[in-house]
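Residues in the sequence shown are numbered from 2 upward in steps of one, following the working numbering.
Yeah, the Cβ is synthetic: ideal placement off N, Cα and C, and Gly gets one too.
Here is the structure we will look at.
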Amino acid sequence: MGTQVSTFHRMTASAALNDLKPSQLPENKPIADFANAMAEAVSAYNEKFGRHSRTICMVVDAPEDNECDQRFIESVLLANHGINVERRTMTELADHVSVDSRTHIVLIPSLIDPERMVEIALFYFRTGYGPNQYLNDSHWALRESLERSKAVMCPSVPQQLTGTKKVQQLWYSDPSVMTRFGLTEQEAERMREHFAVQVDPSVAKETVAAAL
Numbered sequence: 002m003g004t005q006v007s008t009f010h011r012m013t014a015s016a017a018l019n020d021l022k023p024s025q026l027p028e029n030k031p032i033a034d035f036a037n038a039m040a041e042a043v044s045a046y047n048e049k050f051g052r053h054s055r056t057i058c059m060v061v062d063a064p065e066d067n068e069c070d071q072r073f074i075e076s077v078l079l080a081n082h083g084i085n086v087e088r089r090t091m092t093e094l095a096d097h098v099s100v101d102s103r104t105h106i107v108l109i110p111s112l113i114d115p116e117r118m119v120e121i122a123l124f125y126f127r128t129g130y131g132p133n134q135y136l137n138d139s140h141w142a143l144r145e146s147l148e149r150s151k152a153v154m155c156p157s158v159p160q161q162l163t164g165t166k167k168v169q170q171l172w173y174s175d176p177s178v179m180t181r182f183g184l185t186e187q188e189a190e191r192m193r194e195h196f197a198v199q200v201d202p203s204v205a206k207e208t209v210a211a212a213l
């Protein structure tokens with residue numbers, strides 16, 4: 002969607018401003034950038050662990066309401082990088098994933114040939130961002146198992162938590178959170194300058210009123 006909107010903006014700007022050249026407008030190619038980043042992660046995985054995987058697993062909802070951009074990324078990965086994408090739901094992975102207890106390599110049955118196991122270099126999560134998307138204990142166990150494997154997580158649990166409002170609120174409101182991760186008190190204070198004030202509405206009314 003971002004790529005198409007950017008193309009539309011370039012068209013309207015060029016039409017409205019006759020002397021504007023396309024080269025003067027910034028390019029916006031998120032699909033290619035996403036694919037490039039994931040391809041680099043696959044290469045890093047293979048280089049670090051001496052593997053030869055060319056497969057990414059895209060973890061999706063069932064049913065999936067936002068499939069269009071996912072398919073664009075999938076096609077660019079294959080066309081530009083020779084990387085296959087296997088689409089799986091949490092339930093499908095929980096039922097069929099195999100994580101080697103010794104090597105921590107992840108294998109799943111190929112969608113085209115279920116008798117053939119394929120090694121997954123990277124898991125790209127398009128679901129699993131909230132507790133309501135983990136429907137049962139097997140989904141939680143699956144995520145823990147994948148996080149402990151050698152496969153690249155996109156994103157990992159720490160990355161997901163960093164993007165939540167509650168964690169961002171803690172970064173701002175409690176400097177000790179930053180110092181626990183190696184920052185000095187002075188560095189923590191400088192970091193706080195870059196965070197907007199965030200208050201949990203479930204705390205005391207006086208605290209919320211003071212923030213407002």
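Beta-carbon to beta-carbon, K30 and H105 are separated by about 34 Å, too far to satisfy the 8 Å threshold.
P31: member of the alpha helix (DSSP H) spanning 31-50, first to last residue. Listed in chain order, the non-local C-beta contacts of H97 below 7 Å within the same chain comprise I109, P110, local neighbours out to five positions each way being set aside. Between the alpha carbons of S203 and E188 lies a gap of roughly 29 Å. With a cut-off of 8 Å on Cβ pairs, the stretch 164-171 is not in contact with the stretch 118-129, counting fewer than three such pairs. Taking all protein chains in view, the Cβ of L112 is surrounded by fewer than 16 other Cβ atoms within 10 Å, so the residue is classified as exposed. If you look at N81, you'll find it in the alpha helix (DSSP H) that goes 69-82.
P176 is the residue among P176, V100, D114, T8 whose C-alpha sits nearest the C-alpha of H195.
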